[in-house]
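If you count the sequence shown from 1, you need to add 269 to reach our numbering.
We put the CB at the ideal spot given by N, CA and C, even for glycine.
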Amino acid sequence: MSLKLHYVEASPAARSVMMVMKVLQVPVEYFELDLSTQDQFAQIFLQLNPAHTAPILDDDGFILWESHAIVKYVVDKFGKTDELYPKEVQERAKVDQMLFYNASALFPMLRDVIPIFNAQAALQTSSIPQDQTGNIDRCFEELEYFLGSSEFLATNHLTIADICAMPILSTINYFKELNGCKYPKLNGWLNRLRCENFYKIDLDGIHKFTKLFPTPDKYRH
């Protein structure tokens with residue numbers, strides 16, 4: 270039986286899982302949720318995940334509903350190598366470190382500027398709130414530092430840490446464009462990932478996202 274993934278294409282978390290699936294070339298049945306009809310609150314969906322969030326992975330009845338847990342699981346189970354999620358203890362710890370940073374710093378930052386999550390942001394007429402702009406710049410600075418002399422965030426090669434961070438940064442870029450001169454390493458990293466064969470998944474998700482939030486000019490600086 271193939272894997273089943275319940276997802277929302279506009280969601281950065283869902284896109285990260287879909288991109289990892291693309292790299293692994295794992296057969297997956299995709300079931301897109303329609304937020305306009307509140308599919309996420311349907312009883313059949315709540316039975317899978319009472320937290321009513323997506324993505325949700327169904328592996329023959331084994332359910333996972335947190336994107337970082339999902340990507341680690343599928344790489345461990347289906348990866349032909351451990352390149353995306355190294356088994357070597359210290360390398361794996363570095364990848365986990367960036368995944369935790371992704372969950373504790375990058376995604377909360379994104380939630381702060383998305384109008385559906387933040388009424389203050391939705392009421393702004395010319396810019397996102399200054400404190401949120403500062404949070405974005407701080408994260409950009411930290412990521413610039415994390416990259417150091419490496420082309421990737423956690424190790425010297427592509428891992429799930431990069432794939433999970435990319436869609437969040439792509440979405441943040443929609444609200445506040447990354448200054449490539451100020452953050453050259455981060456800009457280079459983002460452009461490097463845009464050359465990967467999974468980038469179209471992120472691009473399609475961004476297009477879906479822009480349909481939900483079609484007036485980004487009032488957020489851009």
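Measure the Cβ-Cβ separation of residue i and residue j and say whether it is below 8 Å.
i, j, result
"V340", "V289", "yes"
"Y452", "I475", "no"
"E278", "K480", "no"
"E298", "S336", "no"
"L447", "F415", "no"
"P324", "A372", "no"
"H426", "E357", "no"
Could you compute how far the alpha carbon of residue i sits from the alpha carbon of residue j?
i, j, result
"I432", "S285", "6 Å"
"L326", "I313", "14 Å"
"F421", "M435", "11 Å"
"A423", "Y354", "10 Å"
"Q316", "C450", "48 Å"
"N456", "K273", "34 Å"
"I348", "D381", "The identity of residue 348 in the sequence shown is Gly, whereas the question assumes Ile. C-alpha separation (whole angstroms): 34 Å."
"M367", "E360", "11 Å"
"K454", "W334", "32 Å"
"V344", "K445", "32 Å"
"D329", "Y468", "28 Å"
"E301", "Y276", "5 Å"
"N460", "A362", "25 Å"
"W458", "S439", "12 Å"
"T350", "K291", "15 Å"
"Y342", "V295", "12 Å"
"L462", "E413", "15 Å"
"D303", "G403", "33 Å"
"S418", "L293", "27 Å"
"A390", "I441", "Annotation note: pLDDT 44 at A390 (below 50); position unreliable, no value reported."
May I ask you to report which of helix, strand or coil DSSP gives residue i?
i, result
"L333", "strand"
"F444", "helix"
"A391", "At A391, the pLDDT of 44 sits below 50, so the modelled position is not reliable and the matter cannot be decided from this model."
"F421", "coil"
"H476", "helix"
"H275", "strand"
"L317", "helix"
"Y414", "helix"
"D431", "helix"
"Y354", "coil"
"C408", "helix"
"P296", "coil"
"T322", "coil"
"G348", "coil"
Please report the residue range of the alpha helix (DSSP H) in which residue i lies.
i, result
"L368", "V358 to Y370"
"V286", "P281 to L293"
"D327", "Note, D327: premise wrong, no alpha helix (DSSP H); beta strand (DSSP E) at I325 to D328."
"K454", "P453 to R463"
"L379", "F376 to V382"
Assuming residue i is part of the beta strand (DSSP E), what are its boundary residues?
i, result
"D303", "D303 -> no beta strand (DSSP E), and no H or E assigned at all."
task: Assess, as a yes-or-no matter, whether the segment 373-380 is touched by the segment 459-476 under the definition of 3 or more beta carbon pairs within less than 8 Å.
output: no
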